[in-house]
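Novice: Residue numbers (my numbering): 216 to 512.
The beta carbon of each residue, even a glycine, is placed where N, CA and C say it ideally should be.
This structure is in structure tokens; I'll ask about it shortly.
Written out as structure tokens, the structure is:
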């Protein structure tokens, strides 16, 4: 199963009848929860409930906009008032005969009479047909949206795996430097303490205290946890599904381990500077991953 991005778009144009067509569109972006906004014509209250349920059944997270745009120019059919026009023509003919007049009726004048032109209002029938059509279209359109979100998710997974590769490389670099850095730290600390206490201080006792301090500065546990977090992260990516929040939590833990390593290894000098660079590189990769994770369902 793939991971899903929360970014996607799907659209369909439908002609229901000769005089009725509409566009149904779905757009989603990242959001902490599922937030659904509908823009639909008035009179479709019952359909609104069904659409919200369909979206909630199909999606877990994201801000989703659903829009129904009706071609209103095709919703009305124009005609003329047959009785009124017939009456006018009959009256015109009767008057012309009665008074022996010349001339023919002017159609432009007739159609400008109040009530001569009529619009056939089919609002109720159109709403029913529109609702039935949207019900049939929403399922396939949601599937199209999920397909796009899946493709975006595959691209995100590739980016995240590349980020994890660089994070692992930096972590391995810290692990390689660790023995030398610890020895350097121990020697430096011993020299400073000996210089401060003088030769009369118990040297063995001093070295024991130094060993305890160095042990507290050991980053082996942080390195082990970082590798474990990276492994778990890859497993979640491979399993797919709704993993965005879990991945975000793992990245918080990784950032905590990187901060601890930096605090323990700072100020050693020499190759300790390289270790600091690697620690900062780890934090940079973690931050890049967190930016990408914000769009994972």
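With a CB to CB cut of under 8 Å and the five nearest residues on each side skipped, what residues in its chain are close to residue 243?
Specialist: 221, 222, 223, 224, 274, 277, 278, 279, 280, 360 and 364
Novice: To which residues of the same chain is residue 510 closer than 7 Å at the C-beta, ignoring the five residues directly before and after it?
Specialist: Answer for residue 510: 220, 221, 222, 245 and 371, listed in chain order.
Novice: Smallest Cα separation from residue 393: which of 384, 369 and 438?
Specialist: 438
Novice: Between residue 229 and residue 236, which are expected to be in contact by the criterion C-beta below 8 Å, what is the C-beta distance as a whole number of angstroms?
Specialist: 6 Å
Novice: Would you list the residues sitting across from residue 243 in a DSSP beta bridge?
Specialist: The bridge partners DSSP lists for residue 243 are 223 and 279.
Novice: Go through its chain and collect everything with a Cβ distance to residue 346's Cβ below 7 Å, but skip five positions before and after it.
Specialist: 259 and 262
Novice: Do residue 378 and residue 468 have their CB atoms nearer than 8 Å?
Specialist: no
Novice: Beta-carbon within less than 7 Å of residue 238's beta-carbon, same chain only, minus the 5 sequence neighbours each way: which residues are those?
Specialist: 226, 228 and 284
Novice: In three-state DSSP terms, what is residue 255?
Specialist: coil
Novice: Output the distance between the C-alpha atoms of residue 336 and residue 322, rounded to the nearest integer angstrom.
Specialist: Bear in mind that a pLDDT of 49 at residue 336, under 50, signals an unreliable position, so the number given afterwards is only what the model happens to contain. Near 24 Å, if we compare the C-alpha coordinates of residue 322 and residue 336.
Novice: Could you tell me if residue 506 is buried or exposed, where buried requires 16 or more neighbouring beta carbons within 10 angstroms of its beta carbon?
Specialist: exposed
Novice: Report buried or exposed for residue 435, applying the criterion of at least 16 other Cβ atoms within 10 angstroms of its Cβ.
Specialist: The residue in question, residue 435, is exposed, as its Cβ has fewer than 16 Cβ neighbours within 10 Å.
Novice: Run through DSSP, which three-state label would residue 330 get?
Specialist: coil
Novice: DSSP three-state call for residue 494: helix, strand or coil?
Specialist: Residue 494 falls in the helix class under three-state DSSP.
Novice: Could you check what DSSP says for residue 455 in three-state terms: helix, strand or coil?
Specialist: If DSSP states are grouped into helix, strand and coil, residue 455 belongs with coil.
Novice: What are the boundary residues of the alpha helix (DSSP H) that residue 299 is part of?
Specialist: 297 to 314
Novice: Cα separation between residue 302 and residue 324?
Specialist: The alpha-carbon atoms of residue 302 and residue 324 are separated by roughly 14 Å.
Novice: What's the gap between the Cα of residue 318 and the Cα of residue 286?
Specialist: 43 Å
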